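What follows is a single structure, written as structure tokens, with notes after it.
Numbering (UniProt numbering), first residue to last: 1 to 411.
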């Protein structure tokens with residue numbers, strides 16, 4: 001489905017209910033598989049979480065997780081310690097191009113039996129579940145935090161837990177801390193001292209309901225909408241002022257783009273500041289790379305520049321997000337350059353109209369560019385891709401009086 005987006009509505013007033021964080025949900029789904037007496041509330045309705053849940057409760061020999069990168073990493077660890085179970089874990093064509101070797105080698109250090117079905121270092125992989133008794137393992141600290149979290153999540157069910165040494169400078173610390181906090185909520189003992197993380201074994205946990213906070217990555221698009229609108233007051237539920245999610249950094253980042261955040265109970269209200277003086281942004285996003293796309297598109301819409309660093313993990317996401325941003329923003333008239341870990345946008349007041357944005361099977365490309373419809377009509381190709389993390393996204397934009405026409409083609 002291709003969507004033409006446009007709107008004449010520049011005063012945004014609405015309350016939006018966003019479902020649970022995909023990051024928290026997928027971690028808790030794995031923990032629930034290990035400890036079945038846990039129950040979950042406000043879970044994500046994303047494709048990724050549905051794929052994760054299906055894989056955990058199924059008994060197929062071939063487990064296809066499609067585009068779900070988090071599921072690939074978490075399930076690699078889960079099946080490796082699931083004694084007596086043998087599976088082939090595979091995914092989409094893009095998934096077979098995303099590296100898994102660092103995690104596989106870490107699990108092999110612990111005694112896991114994992115082999116590659118095709119190209120070494122990449123899915124599909126064959127996993128023969130083993131009883132794991134070794135507990136000391138090391139992994140490069142600058143890899144995707146999902147590799148690290150995958151090991152930590154299965155650790156309490158191992159006979160001797162895990163002592164994980166992170167080698168080098170650690171990136172994406174908030175996601176590691178999220179994983180440890182969820183373990184601690186189940187009274188699983190952990191420690192994180194300098195570059196060593198320890199998770200102690202725990203055979204059983206108490207029966208408990210775990211409620212998932214709404215997704216901050218999904219909230220980012222409403223921060224962008226408020227920033228780009230003439231006037232706006234949008235309320236989002238359910239959010240905490242002290243969040244486990246690293247993307248809650250949006251509150252401080254978008255303060256620099258004229259958005260005020262106010263918490264009351266579980267409601268977060270975003271308001272557009274009047275007569276705000278905009279400046280170019282210089283941000284280090286090591287801990288929050290998933291909001292880079294939203295930020296740079298907002299900057300383009302505001303007519304300001306930005307220099308974003310700490311983006312090395314974006315090269316191996318659903319697409320090469322840095323290159324995808326360079327191509328699509330250039331179509332819009334932006335002066336943008338990228339390296340392997342950074343992005344620089346030069347301020348411009350002109351945005352090309354009637355541009356088709358390709359999404360590269362990447363949900364965040366579709367949603368990050370959508371707010372630009374407040375400035376110019378824009379077409380989002382393959383708009384259905386949002387279902388990966390936020391299936392209700394287009395319906396929620398309709399609540400804000402966005403006009404959407406399907407199968408539109410500019411002539």
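Positions of the beta carbon are idealized from the N, C-alpha and C atoms, including for glycine.
All values reported here derive from a predicted model rather than from experimental measurement.
| task | Would you identify the three-state DSSP class for residue 136, choosing helix, strand or coil? | result | If you number the chain shown from 1, residue 136 lands on position 136. Three-state result, residue 136: strand.
| request: Grab the span of the alpha helix (DSSP H) containing residue 116 for me, first residue to last. | output: As a first step, residue 116 must be located in the chain shown, where it is residue number 116. Annotation: residue 116 is outside any alpha helix (DSSP H); the continuous beta strand (DSSP E) that includes it extends over 113-116.
| Secondary structure of residue 214, DSSP reduced to three states | If you number the chain shown from 1, residue 214 lands on position 214. Of the three classes helix, strand and coil, the one that applies to residue 214 here is strand, per DSSP.
| query | What is the DSSP secondary structure of residue 131, reduced to helix, strand or coil? | reply | Translated into positions along the chain shown, residue 131 becomes position 131. Residue 131 carries a coil assignment under DSSP once its states are collapsed to helix, strand and coil.
| said: Which residue wins for smallest C-alpha separation from residue 268, given the options 34, 242, 284? | reply: The sequence position of residue 268 within the chain shown is 268, counting from 1. With distances taken between Cα atoms, residue 268 lies closest to 242.
| query | So, helix, strand or coil for residue 246, using DSSP? | reply | Start at 1 with the first residue of the chain shown, and residue 246 comes out as number 246. Three-state result, residue 246: helix.
| field | 8 Å Cβ cutoff met for residue 239 and residue 294 | value | For the purposes of this step, residue 239 is taken as residue 239 along the chain shown, with counting starting at 1. For the purposes of this step, residue 294 is taken as residue 294 along the chain shown, with counting starting at 1. Not a contact, by the Cβ cut-off of 8 Å.
| message | Does the region 24-41 come into contact with the region 248-263, if we say contact requires no fewer than three beta-carbon pairs (one atom in each stretch) closer than 8 Å? | response | Between the region 24-41 and the region 248-263, the count of C-beta pairs closer than 8 Å stays below three; the two stretches do not touch.
| query | Can you tell me whether residue 274 is buried or exposed, with buried defined as 16 or more other CB within 10 angstroms of its CB? | reply | As a first step, residue 274 is located in the chain shown; it is residue number 274 there, counting from the start. With fewer than 16 Cβ atoms within 10 Å of its Cβ, residue 274 is classed as exposed.
| Would you call the CB atoms of residue 375 and residue 346 closer than 8 Å? | What you label residue 375 is simply residue 375 of the chain shown in a count that begins at 1. What you label residue 346 is simply residue 346 of the chain shown in a count that begins at 1. In terms of Cβ geometry, residue 375 and residue 346 do not form a close pair [threshold 8 Å].
| In terms of residue numbering, what span does the alpha helix (DSSP H) encompassing residue 460 cover? | Because residue 460 is not part of the residues shown, which for the chain are 1 to 411, the question remains open.
| query | From which residue to which residue does the alpha helix (DSSP H) around residue 74 run? | reply | Start at 1 with the first residue of the chain shown, and residue 74 comes out as number 74. Where residue 74 is concerned, the enclosing alpha helix (DSSP H) stretches over 69-80.
| query | Would you report the Cα separation of residue 141 and residue 257, rounded to the nearest angstrom? | reply | Within the chain shown, the letter at position 141 stands for residue 141. Within the chain shown, the letter at position 257 stands for residue 257. Straight-line Cα distance between these residues: approximately 32 Å.
| task | Could you name the residues that DSSP lists as bridge partners for residue 20? | result | Here residue 20 refers to the residue found at position 20 of the chain shown. According to DSSP, which records beta bridges pairwise, residue 20 is partnered with 214.
| query | Identify the residues that DSSP records as bridge partners of residue 86: which are they? | reply | Locating residue 86 in the chain shown gives position 86, counting from the first residue. Beta-bridge pairing links residue 86 to 128.
| Since residue 123 contacts residue 148 with CB under 8 Å, what's their CB separation in whole angstroms? | Taking the first residue of the chain shown as 1, we reach residue 123 at position 123. Taking the first residue of the chain shown as 1, we reach residue 148 at position 148. With 8 Å as the limit, residue 123 and residue 148 do not qualify as a contact, their Cβ atoms being about 19 Å apart.
| task | Alpha carbon to alpha carbon, how far is residue 237 from residue 266? Give it in angstroms, no decimals. | result | Within the chain shown, the letter at position 266 stands for residue 266. Within the chain shown, the letter at position 237 stands for residue 237. Residue 266 and residue 237: Cα-Cα distance of roughly 6 Å.
| Expected contact under 8 Å - CB spacing of residue 296 and residue 270 to nearest Å | Sequence index remark: in the chain shown, residue 296 carries index 296 (1-based). Sequence index remark: in the chain shown, residue 270 carries index 270 (1-based). Contact between residue 296 and residue 270 does not hold, since their C-beta atoms are separated by about 19 Å, which reaches or exceeds 8 Å.
| request: Within the same chain, show all residues whose beta-carbon is closer than 7 Å to that of residue 396, passing over the 5 residues directly before and after it, in chain order. | output: As a position in the chain shown, residue 396 is number 396, starting the count at 1. Excluding the 5 residues flanking it on each side, residue 396 has same chain C-beta neighbours closer than 7 Å at 16, in chain order.
| task | Report the option in 300, 286, 7, 322 whose CA atom is closest to the CA atom of residue 279. | result | Along the chain shown, read from residue 1 onward, the residue named residue 279 stands at position 279. It is 300.
| task | For residue 360, I'd like the list of residues in its chain whose CB is within less than 6 Å of its CB, leaving aside the five on either flank, ordered along the chain. | result | Translated into positions along the chain shown, residue 360 becomes position 360. Counting only Cβ-Cβ distances below 6 Å, and skipping sequence neighbours, we find 319, 324.
| said: Do residue 357 and residue 380 have their beta-carbon atoms positioned less than 8 Å apart in this structure? | reply: Locating residue 380 in the chain shown gives position 380, where the first residue counts as 1. Locating residue 357 in the chain shown gives position 357, where the first residue counts as 1. Yes, these two residues count as a Cβ contact at 8 Å.
| field | Cβ contact (3+ pairs, closer than 8 Å) linking the region 193-200 and the region 163-171 | value | Proximity of the region 193-200 to the region 163-171 meets the contact definition, three or more beta-carbon pairs being nearer than 8 Å.
| query | What do you get for residue 104, buried or exposed, if any count of 16 or more other CB atoms within 10 angstroms of its CB means buried? | reply | Locating residue 104 in the chain shown gives position 104, where the first residue counts as 1. Buried: at least 16 other Cβ atoms inside 10 Å.
| Cβ-based neighbour list, residue 42, same chain, cut-off 6 Å, excluding 5 preceding and 5 following | Your numbering for residue 42 matches position 42 in the chain shown. Excluding positions up to five away in sequence, the list reads 20, 211, 212.
| query | When burial is assigned at 16 or more other CB atoms within 10 Å of the CB, is residue 262 buried or exposed? | reply | In the chain shown, counting from the first residue as 1, residue 262 sits at position 262. With fewer than 16 other Cβ atoms within 10 Å, it is exposed.
| task | Can you give me the start and stop residues for the alpha helix (DSSP H) that residue 179 sits inside? | result | Within the chain shown, the letter at position 179 stands for residue 179. That run of the alpha helix (DSSP H) goes 173-185.
| message | With H, G and I counted as helix, E and B as strand and the rest as coil, what does DSSP make of residue 4? | response | As a working mapping, residue 4 is identified with position 4 in the chain shown. When secondary structure is reduced to three states using DSSP, residue 4 falls in the strand class.
| query | Where does the unbroken beta strand (DSSP E) through residue 169 begin, and where does it stop? | reply | Position 169 of the chain shown holds residue 169. DSSP places residue 169 in no beta strand (DSSP E); its state is neither H nor E.
| Tell me the DSSP bridge mates of residue 284? | In the chain shown, counting from the first residue as 1, residue 284 sits at position 284. According to DSSP, residue 284 bridges with 309.
| message | Just to confirm, is the Cβ distance from residue 311 to residue 341 under 8 Å? | response | As a position in the chain shown, residue 311 is number 311, starting the count at 1. As a position in the chain shown, residue 341 is number 341, starting the count at 1. Yes.
| task | Taking 8 Å as the threshold, find out whether the region 280-291 comes into contact with the region 40-60 through three or more Cβ pairs. | result | Three or more Cβ pairs closer than 8 Å define a contact, and the region 280-291 falls short of that threshold against the region 40-60.
| said: Between 146, 45, 372, 344, which has its C-alpha nearest residue 354's C-alpha? | reply: Here residue 354 is taken as the residue at index 354 of the chain shown, counted from 1. In terms of CA proximity to residue 354, 372 leads the group 146, 45, 372, 344.
| field | Where residue 184 falls, given that 16 or more other Cβ within 10 Å makes a residue buried | value | Within the chain shown, numbered from 1, the residue matching residue 184 stands at position 184. Label assigned to residue 184: exposed.
| request: Look at the alpha carbon of residue 73 and the alpha carbon of residue 188, and state the distance between them as a whole number of angstroms. | output: The sequence position of residue 73 within the chain shown is 73, counting from 1. The sequence position of residue 188 within the chain shown is 188, counting from 1. Between the alpha carbons of residue 73 and residue 188 lies a distance of about 21 Å.
| said: Could you tell me the alpha carbon to alpha carbon distance between residue 411 and residue 400, rounded to whole angstroms? | reply: Here residue 411 is taken as the residue at index 411 of the chain shown, counted from 1. Here residue 400 is taken as the residue at index 400 of the chain shown, counted from 1. Only weak support is given to the placement of residue 411: the predicted model assigns it a pLDDT of 48, under 50, and the value that follows is read from those uncertain coordinates. Those two C-alpha atoms are separated by around 28 Å.
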